Each structure stands twice: as C-alpha cells, then as structure tokens.
Amino acid sequence: TYVVTDACIRCKYMDCVEVCPVDCFYEGENMLVINPSECIDCGVCEPECPAEAILPDTENGLEKWLELNATFSAQWPNVTRNRGAPDDADEFKGVEGKYEKYFS
Ligand code: SF4
Ligand code: F3S
Numbered sequence: 002t003y004v005v006t007d008a009c010i011r012c013k014y015m016d017c018v019e020v021c022p023v024d025c026f027y028e029g030e031n032m033l034v035i036n037p038s039e040c041i042d043c044g045v046c047e048p049e050c051p052a053e054a055i056l057p058d059t060e061n062g063l064e065k066w067l068e069l070n071a072t073f074s075a076q077w078p079n080v081t082r083n084r085g086a087p088d089d090a091d092e093f094k095g096v097e098g099k100y101e102k103y104f105s
C-alpha cells in the first residue's frame with residue numbers, strides 16, 4: 002500500500018484524489034490519508050503530489066504513518082474531488098515537524 006505522510010499536513014494540495022482509480026483517499030482537517038485495505042498499490046498518486054507526501058509503505062520508518070492512515074481512513078470522510086489547496090499551502094511545503102505542531 003501507499004501512505005500519506007507528514008509532508009501533506011497543511012499543504013493538502015489534493016492533486017492525489019482525482020487520479021486514484023479506487024477512490025481510497027479520506028479527508029481530515031489538515032491532511033488526507035489512504036485506506037490501506039482499499040489501495041491497490043498502483044502508484045499513480047505518488048508523482049502527483051507536489052509535496053512528495055505519498056510514499057510506498059515498503060520504505061523504512063513508515064510504520065507510524067501506515068497505522069495513522071489505517072486509523073483515520075476509518076473515521077474521516079471519503080474524498081474524490083479536488084477542491085483546491087488551502088491559500089497558505091505553499092508556506093507549509095517542506096516544513097519539518099508538522100505532525101507535532103499541526104496534526105488534527
Ligand atoms: Fe490510489 Fe493507487 Fe495511490 Fe493506492 S497507489 S492510493 S490505489 S492512486
Ligand atoms: Fe496531500 Fe499531496 Fe494529496 S499534499 S492532499 S498527499 S497531493
């Protein structure tokens with residue numbers, strides 16, 4: 002499966018949602034997540050994200066993010082339409098430690 006990571010927080014560009022063939026993105030206030038049991042591992046969303054927030058869970062150190070994607074995809078609403086990024090999205094691109102500061 003692919004997972005959405007820290008880099009999405011407060012960027013939320015939403016380019017990812019429209020390319021997913023199985024519509025498995027879910028939306029929280031400050032980031033999106035992927036439902037790992039619905040993702041078919043096609044990989045098309047990864048290069049679409051301007052923040053490089055989407056990674057395959059085979060990369061080292063992503064256990065926390067896999068768990069977070071699984072947990073919140075079960076609670077947050079499904080999202081399939083790109084309504085555009087927040088106005089200040091670019092200010093948060095590449096910023097470190099966003100989870101600790103802004104996750105909700
Ligand atoms: Fe959707 Fe494919 Fe990305 Fe999984 S890898 S979230 S199926 S676009
Ligand atoms: Fe987030 Fe990237 Fe999608 S910033 S909303 S994972 S395009």
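Each residue of the sequence shown is one higher than the one before, starting from 2 at the first, in the UniProt record's numbering.
C-beta atoms are modelled at their ideal positions from N, C-alpha and C, and glycine is treated no differently.
As the structure is a computational prediction, the values presented were derived from the model and not from experiment.
Collapsed DSSP secondary structure at residue i in the structure displayed
i, result
"tyrosine 103", "helix"
"leucine 67", "helix"
"glutamate 28", "strand"
"cysteine 9", "helix"
"aspartate 91", "helix"
"proline 51", "coil"
Short Cβ contact (7 Å threshold) for residue i with residue j
i, j, result
"valine 80", "cysteine 46", "no"
"asparagine 70", "isoleucine 35", "yes"
"lysine 99", "isoleucine 10", "yes"
"cysteine 17", "cysteine 50", "yes"
"leucine 33", "valine 5", "yes"
"aspartate 91", "threonine 2", "no"
"tyrosine 103", "serine 74", "no"
Residue(s) in a DSSP beta bridge with residue i
i, result
"proline 57", "Tyr3"
"asparagine 79", "Tyr27"
"isoleucine 35", "Phe26"
Separation of residue j from residue i, as counted between CA atoms
i, j, result
"proline 22", "serine 38", "14 Å"
"glutamate 30", "lysine 13", "9 Å"
"tryptophan 77", "alanine 8", "19 Å"
"tryptophan 66", "isoleucine 41", "17 Å"
"glutamate 64", "aspartate 88", "31 Å"
"glutamate 97", "glutamate 60", "19 Å"
"glycine 85", "methionine 15", "6 Å"
"glutamate 68", "glycine 62", "12 Å"
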